[in-house]
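Novice: Sending over a structure as structure tokens; questions will come in a sec.
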Amino acid sequence: MQSVISDYMRSAVVGKTLPIVTRVLVIIFSVAALCGLYQLVYDDIGIAPTIKKFWVITAPKEQPEPVSQEVEKRGVAGAQKGT
1 MQSVISDYMR SAVVGKTLPI VTRVLVIIFS VAALCGLYQL VYDDIGIAPT IKKFWVITAP
61 KEQPEPVSQE VEKRGVAGAQ KGT
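full-length UniProt numbering puts the first residue of the sequence shown at 1, with every later residue one more than the last.
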């Protein structure tokens with residue numbers, strides 16, 4: 001992000017204060033992200049298990065309705081008659 005700010009927030013284009021403010025904001029957000037990662041690693045379950053939790057999407061699985069034996073017999077008998 002530092003490179004993006006130095007490329008697109010040039011003081012000749014946007015003034016002298018905006019590049020300074022954006023660089024400070026990048027540093028603040030970087031420190032906050034680093035603190036969040038440290039908290040995740042040392043106080044929580046860790047990075048890899050967290051990624052696994054996000055990777056697994058569990059939706060309630062629909063249970064198929066049980067087919068009665070009569071329908072199964074008809075289906076088998078109907079298939080035999082057709083051949």
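We put the CB at the ideal spot given by N, CA and C, even for glycine.
1) Excluding five sequence neighbours on each side, which residues of the same chain lie with their C-beta closer than 6 Å to the C-beta of methionine 1?
2) DSSP three-state call for isoleucine 47: helix, strand or coil?
3) Assuming methionine 9 contacts threonine 22 (C-beta within less than 8 Å), just tell me the rounded distance between them.
4) State the Cα-Cα distance for the pair valine 4 and valine 41, rounded to the nearest angstrom.
5) Would you call the CB atoms of isoleucine 28 and leucine 37 closer than 9 Å?
Specialist: According to the data block:
1) Val26
2) helix
3) 5 Å
4) 29 Å
5) no
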